[in-house]
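Q: In the working numbering, the protein residues as written are 2 to 124.
In this text, a Cβ means the ideal position worked out from N, Cα and C, and glycines have one as well.
Take a look at this one; I'll ask things after.
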Amino acid sequence: MVLRFNRNLKPFARELRKNMTDAEQALWSKLRRKQLNGLIFYRQRNIGNYIVDFYCPAAKLIVELDGGQHYSVEGRAKDKTRDEYLVNLGLNVLRFSDLDILKNMDGVLSVLYEHTKIPPAPL
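Here is the structure:
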């Protein structure tokens, strides 16, 4: 499935890749180069009118890291709208707090491992 994206967001996504948060850098160091279940993850990927933190096409999985701005009433409302859009595209969205990443990386990776298991193809 080809996901549409807003070309106007491309420079912004590139800038976000250059200026990742500490939590994003920590998780990226565990996801890059097919380290998790041998699957490719992309960072700061355009999907529709949104830029998602991490995207694994094979598992149809989006991983979002939430800092403090996501816990306000406005932030939660925006996240809900965004998640509904992404789920309607057939994608799964997992959210973790920045603290989860920085203090419980093994737990986060365990959850991601389970969500990225690809069943073997039938014979």
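Would you list the one or two residues that DSSP bridges to Ile-63?
A: DSSP lists Tyr-56 and Val-94 as partners of Ile-63.
Q: Name the two residues that bound the continuous alpha helix (DSSP H) containing Arg-83.
A: That run of the alpha helix (DSSP H) goes 74-89.
Q: Rounded to a whole number of angstroms, what is the C-alpha to C-alpha distance between Arg-96 and Phe-55?
A: Answer to the nearest angstrom: the Cα atoms are 11 Å apart.
Q: Taking only the alpha-carbon atoms, compute the straight-line gap between Tyr-51 and Asn-7 and give it to the nearest angstrom.
A: Answer to the nearest angstrom: the Cα atoms are 8 Å apart.
Q: Run through DSSP, which three-state label would Gln-36 get?
A: If DSSP states are grouped into helix, strand and coil, Gln-36 belongs with coil.
Q: Determine the closest residue to Val-64 out of Leu-32, Leu-10, Arg-5 and Lys-104, with distance taken between C-alpha atoms.
A: Selected option, being the one with the closest Cα: Leu-32.
Q: For Asp-99 versus Leu-62, is the C-beta spacing smaller than 9 Å?
A: Their beta carbons are not under 9 Å apart, which means Asp-99 does not touch Leu-62 by this criterion.
Q: Considering Arg-15, what are the terminal residues of the alpha helix (DSSP H) in which it resides?
A: Its alpha helix (DSSP H) spans residues 11-19.
Q: Measure the alpha-carbon distance for Ile-41 versus Arg-34 and round it to whole angstroms.
A: Roughly 7 Å separates the two Cα atoms.
Q: Can you tell me whether DSSP reads Arg-8 as helix, strand or coil?
A: Arg-8 falls in the helix class under three-state DSSP.
Q: Ends of the beta strand (DSSP E) at Ile-48?
A: From DSSP, the beta strand (DSSP E) with Ile-48 extends over 43-48.
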